[in-house]
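Mapping to numbering that gives the first Met the number 0: the sequence shown position 84 is 83, numbers consecutive.
Just so you know, even glycine gets a beta-carbon here, dropped at the ideal spot from N, CA and C.
Since this is a predicted model, take the numbers as computed values, not measurements.
Some notes on the structure that comes next.
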Amino acid sequence: MSRDKEEIKELSKKGHIIDKADDIIKDPYVLEFLNLQEKHIYSEHELETGIIDKLEHFLLELGKGFLFEARQKRFTFDDDHFYMDLVFYNRLLRCYVLIDLKRDKLTHQDIGQMQMYVNYFDKLIKNRR
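Structure (structure tokens):
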């Protein structure tokens, strides 16, 4: 929250100015609009369901140019099935945004899994466009 009233006034007049690609993707995300029941820990399924139920709000929270593509996108690698929680496409950046919801602390295994998802999209999906 900014305490600089002049900066806030200027932002309200001009709107969010995008100077570089990083400006398109917001950080952090504020998800109060999901209206999840007040509790300390949410399951990945609860978060995913809340996001899908309020998809329009979530897309606005992500930033400009996001399009919803899939929920629980299945792909097969070495005869094993994997599921990406949410798949979006950003038409301004011309790139996919893959979201793998994690309830617990991020681990090296999680990062490896996401890298596998990214590699899959780079190799098989992106080349189809």
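Alpha-carbon spacing of residue i relative to residue j, whole angstroms
{"i": "residue 79", "j": "residue 55", "result": "33 Å"}
{"i": "residue 83", "j": "residue 46", "result": "14 Å"}
{"i": "residue 121", "j": "residue 69", "result": "16 Å"}
{"i": "residue 93", "j": "residue 71", "result": "21 Å"}
{"i": "residue 5", "j": "residue 53", "result": "33 Å"}
{"i": "residue 76", "j": "residue 40", "result": "31 Å"}
{"i": "residue 90", "j": "residue 114", "result": "22 Å"}
{"i": "residue 103", "j": "residue 112", "result": "15 Å"}
Distance CB(residue i)-CB(residue j) smaller than 7 Å
{"i": "residue 66", "j": "residue 88", "result": "yes"}
Residues of its chain near residue i, where Cβ-Cβ distance is below 8 Å and the 5 sequence neighbours each way are ignored
{"i": "residue 101", "result": "43, 109"}
N- and C-terminal bounds of the alpha helix (DSSP H) containing residue i
{"i": "residue 57", "result": "54 to 61"}
{"i": "residue 109", "result": "107 to 119"}
Beta strand (DSSP E) segment containing residue i, residue limits
{"i": "residue 66", "result": "65 to 76"}
{"i": "residue 40", "result": "Note, residue 40: premise wrong, no beta strand (DSSP E); not H, not E."}
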